[in-house]
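Asks: Dropping the structure in here first, questions after.
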Amino acid sequence: MQKTSGNIKNSSWNLANILLYPIAFLALTPFFINKLGEVDFGIWMLVNSYVYIAVNIISFGLGNSITAYVAEALGKGSNVKLQAYVNSSTKLIGWISMATILITILWSLLNLSGIEIFKDNLDKILIVATCVISVKFWELLYQSVLKG
Numbered sequence: 028m029q030k031t032s033g034n035i036k037n038s039s040w041n042l043a044n045i046l047l048y049p050i051a052f053l054a055l056t057p058f059f060i061n062k063l064g065e066v067d068f069g070i071w072m073l074v075n076s077y078v079y080i081a082v083n084i085i086s087f088g089l090g091n092s093i094t095a096y097v098a099e100a101l102g103k104g105s106n107v108k109l110q111a112y113v114n115s116s117t118k119l120i121g122w123i124s125m126a127t128i129l130i131t132i133l134w135s136l137l138n139l140s141g142i143e144i145f146k147d148n149l150d151k152i153l154i155v156a157t158c159v160i161s162v163k164f165w166e167l168l169y170q171s172v173l174k175g
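At position 109 of the sequence shown (counting the first as 1) the number is 136 in the numbering used here, and the numbers step up by one without a gap.
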């Protein structure tokens, strides 16, 4: 396999994807702690962890498989396979996203009925975070297709 500028560009994007988020987060952590306070920063971290873990668990490794299949279709020059992979991935992400939104609706109905599982409006925060999870699935799809 010959090295091309496309390979170098893709490798650079993958490396940037791996390094930029943690570096930016570590650099901004003192700022967030000062602005939010320790308690709100802890809640914010809990919500971010919830979103990250949920997206990675519920997606069942879909992002890596989408990237691999898209790369295979592009490598073989098969637009038919590429469209089939993207279409089936979009359909699956749509179903997962709808299920996540349904969970959010059920959770919010429980919350509206007066059941408070957590104190200090954490229920409402987690409901919003679950909506964010359903959006993150679409980000996962498009990121994986572009990586491929």
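Even glycine gets a Cβ: it sits at the ideal position worked out from N, Cα and C. Just so we're clear, the structure is a prediction, and the values are computed from it rather than from any experiment.
Around the Cβ of Lys62, are there at least 16 other Cβ atoms within 10 angstroms (buried) or fewer (exposed)?
Replies: The count along the sequence shown starts at 1 and reaches residue 62 at position 35. Per the 10 Å Cβ criterion, exposed.
Asks: Measure the beta-carbon distance from Leu173 to Gly90 and round it to whole angstroms, keeping in mind my assumption that it falls under 8 Å.
Replies: Taking the sequence shown and counting its residues from 1, the one referred to as residue 173 is at position 146. Taking the sequence shown and counting its residues from 1, the one referred to as residue 90 is at position 63. At roughly 11 Å, the Cβ-Cβ gap does not stay under 8 Å, so Leu173 and Gly90 are not in contact.
Asks: Since Thr94 and Ser161 are thought to touch, with beta carbons under 8 Å apart, how far apart are those beta carbons, to the nearest angstrom?
Replies: Along the sequence shown, one-based indexing puts residue 94 at 67. Along the sequence shown, one-based indexing puts residue 161 at 134. The pair is not a contact, with the Cβ atoms about 21 Å apart (cut-off 8 Å).
Asks: Identify the continuous alpha helix (DSSP H) that holds Ser105 and give its terminal residues.
Replies: Position 78 of the sequence shown, counting from 1, holds the residue named residue 105. Careful: Ser105 lies outside any alpha helix (DSSP H) and carries neither H nor E.
Asks: Residue range of the alpha helix (DSSP H) that Phe68 falls in?
Replies: To locate residue 68, count along the sequence shown from 1; it is residue 41. Unbroken alpha helix (DSSP H) run through Phe68: Glu65 to Ile85.
Asks: Where does Gly90 sit, in a helix, a strand or coil, going by DSSP?
Replies: As a position in the sequence shown, residue 90 is number 63, starting the count at 1. Helix.
Asks: My assumption, with CB atoms under 8 Å, is that Ser116 sits in contact with Phe164. Please give the rounded CB distance.
Replies: Walking along the sequence shown from the start, residue 116 turns up at place 89. Walking along the sequence shown from the start, residue 164 turns up at place 137. The Cβ separation is near 10 Å, so there is no contact.
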